[in-house]
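Below: one structure, written as structure tokens.
There are 4 protein chains.
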Amino acid sequence: MAVEETSASEKLILTLSCPDQPGIVHAVSDIIVSNDGNIIQSQQFGDSDTGLFFMRVELESPRGRTPIDEALEEFGEKFDATWNLDQMGRPIRTIIMVSKEGHCLTDLLYRQRYAGLPIEVVAVVGNHPDLAPVAQFYGKPFLCIPVTKETKEEAEAELLKLVRAERIELVVLARYMQILSDRLAEELAGSVINIHHSFLPSFKGARPYAQAHARGVKLIGATAHYVTADLDEGPIIEQDVTRVTHRDSTRDLVSEGQDVERRVLAQAVKWHSEHRVLLNGSRTVVFN
Amino acid sequence: MAVEETSASEKLILTLSCPDQPGIVHAVSDIIVSNDGNIIQSQQFGDSDTGLFFMRVELESPRGRTPIDEALEEFGEKFDATWNLDQMGRPIRTIIMVSKEGHCLTDLLYRQRYAGLPIEVVAVVGNHPDLAPVAQFYGKPFLCIPVTKETKEEAEAELLKLVRAERIELVVLARYMQILSDRLAEELAGSVINIHHSFLPSFKGARPYAQAHARGVKLIGATAHYVTADLDEGPIIEQDVTRVTHRDSTRDLVSEGQDVERRVLAQAVKWHSEHRVLLNGSRTVVFN
Amino acid sequence: MAVEETSASEKLILTLSCPDQPGIVHAVSDIIVSNDGNIIQSQQFGDSDTGLFFMRVELESPRGRTPIDEALEEFGEKFDATWNLDQMGRPIRTIIMVSKEGHCLTDLLYRQRYAGLPIEVVAVVGNHPDLAPVAQFYGKPFLCIPVTKETKEEAEAELLKLVRAERIELVVLARYMQILSDRLAEELAGSVINIHHSFLPSFKGARPYAQAHARGVKLIGATAHYVTADLDEGPIIEQDVTRVTHRDSTRDLVSEGQDVERRVLAQAVKWHSEHRVLLNGSRTVVFN
Amino acid sequence: MAVEETSASEKLILTLSCPDQPGIVHAVSDIIVSNDGNIIQSQQFGDSDTGLFFMRVELESPRGRTPIDEALEEFGEKFDATWNLDQMGRPIRTIIMVSKEGHCLTDLLYRQRYAGLPIEVVAVVGNHPDLAPVAQFYGKPFLCIPVTKETKEEAEAELLKLVRAERIELVVLARYMQILSDRLAEELAGSVINIHHSFLPSFKGARPYAQAHARGVKLIGATAHYVTADLDEGPIIEQDVTRVTHRDSTRDLVSEGQDVERRVLAQAVKWHSEHRVLLNGSRTVVFN
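Protein chains in written order, with the working numbering: chain L, 252 to 539; chain W, 252 to 539; chain F, 252 to 539; chain A, 252 to 539.
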């Protein structure tokens, strides 16, 4: 019966953050123990700078999630906590936004199908139609929403409508090349992940790979971060670099850079979808 | 007064492992909370293969360590747990064993003095006198205990005597080039860290760097591990590699390899000394 | 006219190896200079172990390749040299062999189309039909040649026929999971690239990732190499590793390992196709 | 006799750069061949952006360096080339400049003595006396030249005098923490190597590690470069990064950063001393 089904044993992931104080772990473990549950794996971190405490718990609950949910309501109020409880392994409902470059999209769709990336790609949205065939190959709906200066507001409204209608939990900007308006960025705060190239030193303005080439850098990298109103300045989730040499042309740098971009973005999406990334002001806590 | 001193607030590190079962975290947090303590940071891991549960907690105890210690005694019996409680940041009493190559010794002593490596080097022990000046420069006693086939038993007895007399907690084989007897390895199980070169594929026998060169490998690496009766097969703590090319001679490989060796060994010693490494059968759990 | 076309300026890549002796570079540059050519980029390496000299030259020849070819004939005889002259950027005619796992195939086809991998994929050959859709998506012919103990000889004959009929220059074993017979391996020596997982230490026998997990390794890697009669022991082209932890299950290791495999294989195929890899006995010289 | 000594066989390293044109390699190899010499190893690179050609040759000259030198004079004029000929393995006369932090100094002196770093440390110069014992331990003269706003000109004059008197070829700023005047930077152009921390994104102003911590970066790095009048903007020789996490305090970042700094600086000094680094405008060509 339905009732029994809901109360069947479930593997759950709990994440929470709250002002640090004695007794948090005890209160959480109390909830689990008093429901006959068991902690499979857990990590906690107290940030002495911000005074916040962060926790991620993988647990098994023989009575299902309902009693845990209820107890967490009370806990959340008492400890002034932000918390989230989810089924372990549940694919996160995701939209992937693209423009013309397919390296990140291809990689995400490949990993979703073959490599255990726990997302459900509800739609691929492009401001150009170029990548529709890639979406089709992986059996994902492709939606073209062109963006011009004039239509930007309208286009964002359409996107937001889609996000709400489809209960989208994650929007991945996979080289989308459009800056979200501050309004949309705030609306979707904490649910939009972007990837951008990164260099030592960093370069502002157009054609960053050409600038990096002109400067003769020996490393090029990429940064995946949550989108905030201040683009490229949101909380960093993951970064990585790759080595280049004097023999590499600007074109080679672009190609190497794309390789890092797709790897870093996929890693960030994976950690986010496994509820491993918690926001800590302008920084992140990554329980990887 | 002494009593007040003991009961002053202390930062502590608790590590434990025990057969997995519901209630472990709850019981531990109960001990901390009921002594007005606070968890600063913690990690837990349940290994479904071995059925063991591992936990590391950094905590603040306003009443000092004594009441925590007492409560853990009881906990340990109830949960069949192996546990350790230590002052956070206390330098681990260490002997560094060397032969003729100084790269690891130099690095460890440098990091101990300048880079926060939390060990107290009670003595440097060499089977050759070559590295005495390095120990002297850093103000550490150097003890030469030569080892031949005939004197090995005697030499190990001397070492063991030193370990006991000085309450040594950690013995680092910093390119010691001598195999400990099974007896000594068992006696000091879990407190001896060794470093050795590692290759893909691995090479047995003499002159491994020459073999690696002959094979044309593109990576050379190093592995730091706890010493068990089966040398080079103890639980791995850390590994790393570096890139080499066709231009590198065997001598270059040795030099590159030494660089990886000292980096990997220093990392392993640091993690061990911060109580981040827990034994899990023939494997380790590293809460880094 | 045709004659003029052939003599139009061409960018060429010359690779050669021969017993080391004075005058090689001079003789080669003489050929280029006396044909009004210019060296864009070049690397030389003399291996004091084997006494062989290796050279790779990117050159511009205003009179086309014919006079260079002719002069190299003479040079080759005089210096007992193995040499190859090719148009720069010409895609190498390639067969990709697969079984059921698509991570390497997907990556190679993606890079061929979007990321400048200079191969022409003449066919994808599988011993199972599973990956036909991937080949189709990228518009490549898929050929299923099942292999059983009984049909192996026949299957290899069919493959060899295809290689000859289509003037195939490179066969990539992209997780093909079949061991080529010694006969085929010798027949195609230097033109078959394989990828396999690599560990520190290495593990023999079945289920290597499970063994690596049981051993608690902290790194897993991959090796791309030319296939020789002795599988997994051919000249190494490229190796890389990735970091894993105690939290990773065998399944996680497989997934991480696939990521390294595809990256390393793609790199090896790229370098091979750009004529950057020269055989040096059981080793390689990689002019990257 | 002197004559015979000079004409004994010598291993030499030739580096050169000049405007690209046909015939450079041929002319160089002609010089070597016509003196019965042999090329052991060589690399060439033509930069299509700057139109410059770069070459590094390791050669054996049975008649010594004199005839090669003479022929290069003529070559240099004809091809408008900058060139350098040196004995292979000759230690480069070096001054190491320090302030109070010893991580880079310790590493360089260690590598010079034990790990084949081909420099001759003529003196260690500090603007503070703190690191004198380190220099002493390695048997190197330590010279304290304090620097204040008032004495800077005088201090630089003293340094320059030392450089000239001792025929210093390389000045290493090993966390020297002083900015060289534009005048000195120009005077010593191409012979001063500096190390500084690098981040993605980069941070300007004071306490960069604190800024990096506040920003929550996941990588920290270091850049070694030639000093030009524009500090931190000279031609980059080498860069590397290391991974950090949310658990790392600013102090941890400093410690990790020092590790990268010393590794990157040592690599840059090694390549420079082996004549592997050639200047290409504001960039470098590194024949590693």
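Just so it is clear, CB atoms sit at the ideal spot from N, CA and C, and this is done for glycine as well.
Predicted, not measured: the structure shown is a model, and the values here were computed from it.
Excluding its 5 nearest sequence neighbours in each direction, A:D503 has no C-beta neighbour in its own chain below 6 Å. Looking at the backbone, the Cα of L:S524 and that of L:P369 are separated by about 6 Å. Apart from the 5 residues on each side of it in sequence, L:Q292 sits with its Cβ closer than 7 Å to the Cβ of E309 in its chain, given in chain order.
When the Cα atoms are used, W:A408 and W:T399 turn out to be separated by approximately 14 Å. In the assembly as shown, W:P459 is a buried residue. Its beta-carbon has 16 or more other beta-carbons within 10 Å.
Within the region 368-391 of chain L, F388 place their CB atoms closer than 7 Å to a CB of chain F, listed in sequence order. Residue burial annotation: F:C355 is buried, with at least 16 other C-beta atoms found within 10 angstroms of its C-beta.
Per the coordinates, the alpha-carbon of L:I283 lies some 7 Å from the alpha-carbon of L:N289. In the three-state scheme derived from DSSP, where H, G and I count as helix and E and B as strand, W:D300 is classed as coil.
Residue-level contact by beta carbon fails for F:F330 and chain W, as no gap is shorter than 9 Å. Contact annotation: A:L470 and A:L439 have beta-carbon atoms that are not nearer than 9 Å. In terms of Cα proximity to W:V468, the closest of F:F304, F:V468 and F:E484 is F:E484. Under a 10 Å Cβ-count criterion, F:D499 is classified as buried, with 16 or more other Cβ atoms of the shown protein chains found around its own Cβ. Close partners of F:S453 in chain W (Cβ separation under 9 Å): F450, L451, P452 and S453. Counting along the chain, the unbroken beta strand (DSSP E) around A:S449 starts and ends at V443 to F450. Restricting attention to W:D271, W:E328, W:R494 and W:T501, the CA atom closest to the CA of W:V511 is found in W:R494. When Cβ-Cβ separations below 9 Å define contact, L:Q509 makes contact with chain F. Look at the region 454-503 of chain W and you find these whole runs of alpha helix (DSSP H), each 4 residues long or longer: 459-466.
For F:S432, the closest of F:H476, F:F454, F:D481 and F:E417 by C-alpha to C-alpha distance is F:D481.
Residues of chain W whose Cβ lies closer than 9 Å to the Cβ of F:N531 are, in chain order, G467 and H497. In terms of Cβ geometry, L:R527 and L:V515 do not form a close pair [threshold 9 Å].
Short of 8 Å from the beta carbon of A:A425, and not among the five residues preceding or following it, lie these beta carbons of its own chain, in chain order: I347, M348, V349, C355, L356, L359, I446 and L516.
If you draw a straight line from the Cα of W:N539 to the Cα of W:W522, it is about 7 Å long. For the pair W:R418 and W:I487, the CB atoms are not nearer than the 9 Å cut-off. Using a 10 angstroms sphere on the CB of A:A519, the tally of other CB atoms reaches 16 or more, which defines it as buried. Cα atoms of F:T501 and F:A461: separation of roughly 5 Å, rounded to the nearest angstrom. Per the coordinates, the alpha-carbon of A:F388 lies some 29 Å from the alpha-carbon of W:A475.
Taking the beta carbon of A:P273 as reference, the chain F residues within 7 Å of it are V284, D287, G288 and N289, listed in sequence order. The Cβ of W:R434 sits no closer than 9 Å to any Cβ of chain A. Of F:T301, F:R344, F:D381 and F:H448, the smallest CA-CA separation from F:E420 is found for F:R344. Contact with chain F is absent for A:F326, since none of that chain's Cβ atoms lies less than 9 Å from the residue's Cβ. The contact set of F:T535 on chain W, defined by CB atoms closer than 9 Å, consists of G467, K469 and H497 in chain order. By the beta-carbon neighbour count (other beta carbons within 10 angstroms, threshold 16), W:S260 is exposed. For the region 412-432 of chain F, there are no residues whose beta carbon sits under 9 Å from a beta carbon of chain W. For A:F538, the secondary structure class from DSSP, reduced to helix, strand or coil, is coil. Identification of chain F residues near W:F296 by a Cβ-Cβ cut-off of 8 Å yields H497 and R498, ordered along the chain.
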